[in-house]
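Peer 1:
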Ligand code: SIN
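Residue numbers (our numbering): 7 to 277.
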């Protein structure tokens, strides 16, 4: 696709592009927003360098693409006075990091976020990359028999799986049912929508069959040829589409510090 207000440099033929020529710390024109929307649809995750976002410019950027999604499961990590902003932070005292398991953000919510905008201001000298995998590519590489088998099935996505041990006892966490294969509302393409971080079972199947199929899919979606890997620098941004991507944050930098903020943009009920 040709753009007039931005430049896109692909990371791989399948997924990911670094975008230049746009300043996200100030207001965006209608054409810039439209071209960024197109770039997200084309590349599934778009990256930006050297953008010193503050809370207000981060929120303004997110609002250019929709309302802000407030996720109940991550309430305790929001920035005081800014319920829209989740802190993503790890240092020498951390016992876990957000998003290490392959997942699609908040697929436990009834209407999971369309996209996530992660801004990191502090990163380790090396390590702390995020890996993204295209769920279009993963779906396209299934056999026709497997595609037919999965069509029409639904799965349970339960926040307890990822957040059960790290949220206050008694906190009610969301659980939702979504199609195993969903359709992207903008491109009309099909994607695999089960993930190791949130999906507990395929509904209506015997438990052993559900577990076997989920394990097959969890392995399948991690194939390197569906992926790109982003190496962060201070003040980089990743904006990804949760409807057609899974991602995993690599924690190979302990005890170093990696820190920033994430905002999610509201999405629709998967179909
Ligand atoms: C997340 O899963 O949203 C966090 C990703 C990251 O820290 O790279």
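For each residue, glycine too, the CB sits at the ideal point set by N, CA and C.
Would you check if the segment 89–99 and the segment 252–271 touch, i.e. whether three or more CB-CB distances between them fall below 8 Å?
Peer 2: The segment 252–271 vs the segment 89–99: in contact.
Peer 1: List the endpoints of the continuous beta strand (DSSP E) containing residue 100.
Peer 2: The count along the chain shown starts at 1 and reaches residue 100 at position 94. Per DSSP, residue 100 belongs to no beta strand (DSSP E) and is neither H nor E.
Peer 1: Let me check you understand the geometry: is the CB of residue 136 closer than 7 Å to at least one non-hydrogen atom of the ligand SIN?
Peer 2: Locating residue 136 in the chain shown gives position 130, counting from the first residue. Because some heavy atom of the ligand SIN lies under 7 Å away, the Cβ of residue 136 counts as near it: yes.
Peer 1: Please give me, in chain order, every unbroken run of the beta strand (DSSP E) with length at least 3 that falls completely inside the segment 60–113.
Peer 2: Counting only runs of 3 or more, we get 88–96.
Peer 1: DSSP has residue 256 in a bridge; who is on the other side?
Peer 2: For the purposes of this step, residue 256 is taken as the residue at position 250 of the chain shown. Partner(s): none; residue 256 has no beta bridge.
Peer 1: Please list the segments of the alpha helix (DSSP H) lying wholly inside the segment 10–54, counting only runs of 4 or more residues, in order along the chain.
Peer 2: Here the runs fully enclosed are 36–49.
Peer 1: Classify residue 64 as buried or exposed, calling it buried when 16 or more other Cβ atoms lie within 10 Å of its own Cβ.
Peer 2: The residue labelled residue 64 in the question sits at position 58 within the chain shown. Buried, by the Cβ-count rule.
Peer 1: Measuring only from the beta carbon, is residue 165 closer than 7 Å to any heavy atom that is part of the ligand SIN?
Peer 2: Numbered from its first residue, the chain shown carries residue 165 at position 159. For the ligand SIN, not one heavy atom lies less than 7 Å from the Cβ of residue 165.
Peer 1: Considering Cα atoms alone, identify which of 273, 266, 271, 275 is closest to residue 127.
Peer 2: Taking the first residue of the chain shown as 1, we reach residue 127 at position 121. Considering only alpha carbons, the answer is 266.
Peer 1: From what residue to what residue does the beta strand (DSSP E) around residue 182 run?
Peer 2: Mapped onto the chain shown, residue 182 falls at position 176. It spans 181–185 - the beta strand (DSSP E) in which residue 182 sits, taken as one unbroken run.
Peer 1: Leaving aside the five residues before and after residue 172 along the sequence, list all residues of the same chain whose C-beta is less than 8 Å from its C-beta, in chain order.
Peer 2: Translated into positions along the chain shown, residue 172 becomes position 166. So the list reads 102, once near-sequence residues are dropped.
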